[in-house]
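See below for the structure under consideration.
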Amino acid sequence: MSFSAKLIVDGGDMDYVVRRFSWGLRQQTDLVGRPDARVQGGQLQVEIDSVPDELLHHWALDDTKKLSGKLIVATADDGSAARKTITFTDAYCVGLNKLFDGSASTQPMTMTLTLSADKLQSGGVLLDNMWPLF
Numbered sequence: 026m027s028f029s030a031k032l033i034v035d036g037g038d039m040d041y042v043v044r045r046f047s048w049g050l051r052q053q054t055d056l057v058g059r060p061d062a063r064v065q066g067g068q069l070q071v072e073i074d075s076v077p078d079e080l081l082h083h084w085a086l087d088d089t090k091k092l093s094g095k096l097i098v099a100t101a102d103d104g105s106a107a108r109k110t111i112t113f114t115d116a117y118c119v120g121l122n123k124l125f126d127g128s129a130s131t132q133p134m135t136m137t138l139t140l141s142a143d144k145l146q147s148g149g150v151l152l153d154n155m156w157p158l159f
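For the sequence shown, the residue numbers in the working numbering are 26 to 159.
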């Protein structure tokens, strides 16, 4: 079964085609491997097709701009049937990298965003980093 994914950012007027994404959680441990801190996470790495759109560039260039949105993974056969939705809240864009590959046949330029979110939800599971308000 093949899948497709899209990134939707609140305040934007387009959906971004996702080439790949990753996210994870971590927890510090003591010397014998027992957890000794609360779970942390909320960072998403999202590679999308590079498109002319100023929203993402402004987000990356503004160190105080927080946006929310979601990643939707669907089956490629029926893009309307969401298999997984990852929602992020109050995220900063802490990284933006562009890659040009002239030998790529379908999409020669892609953009990778690193998003750091206060809250991240996947299904019924919520990670709240409990960032202090400024």
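Think of the CB as a built atom: it goes at the ideal place given N, C-alpha and C, for glycine as much as any other residue.
Taking the Cβ atom as the reference point for each residue, do residue i and residue j lie within a distance shorter than 8 Å?
| i | j | result |
| --- | --- | --- |
| lysine 90 | histidine 82 | no |
| threonine 114 | alanine 85 | no |
| alanine 99 | arginine 108 | yes |
| alanine 24 | leucine 140 | In the structure as shown, the chain starts at 26 and stops at 159, and residue 24 therefore has no counterpart that could be examined. |
| glycine 79 | threonine 135 | Glycine is not the amino acid found at residue 79; the sequence shown has glutamate there. Not closer than 8 Å, so no. |
| leucine 121 | leucine 138 | yes |
| glutamine 146 | threonine 112 | yes |
Run through the DSSP bridge pairs and tell me what residue i is partnered with.
| i | result |
| --- | --- |
| alanine 107 | Ala99 |
| asparagine 122 | Thr137 |
Helix, strand or coil for residue i per DSSP?
| i | result |
| --- | --- |
| tryptophan 48 | strand |
| methionine 142 | A small correction: the amino acid at residue 142 is alanine; methionine does not occupy that position in the sequence shown. It is a strand residue. |
Taking 7 Å as the cut-off, is the CB of residue i close to at least one heavy atom of the ligand HEM?
| i | result |
| --- | --- |
| glutamate 79 | This structure simply doesn't include the ligand HEM, nor any ligand for that matter. |
Below 8 Å on the Cβ atoms is my guess for residue i versus residue j; work out the distance and round it to an integer in Å.
| i | j | result |
| --- | --- | --- |
| serine 93 | aspartate 35 | 5 Å |
| valine 119 | aspartate 74 | Incorrect: roughly 21 Å between the Cβ atoms, too far for contact. |
If I measure Cβ to Cβ from residue i and keep anything under 6 Å in the same chain, skipping five residues before and after, which residues do I get?
| i | result |
| --- | --- |
| aspartate 55 | Asp61 |
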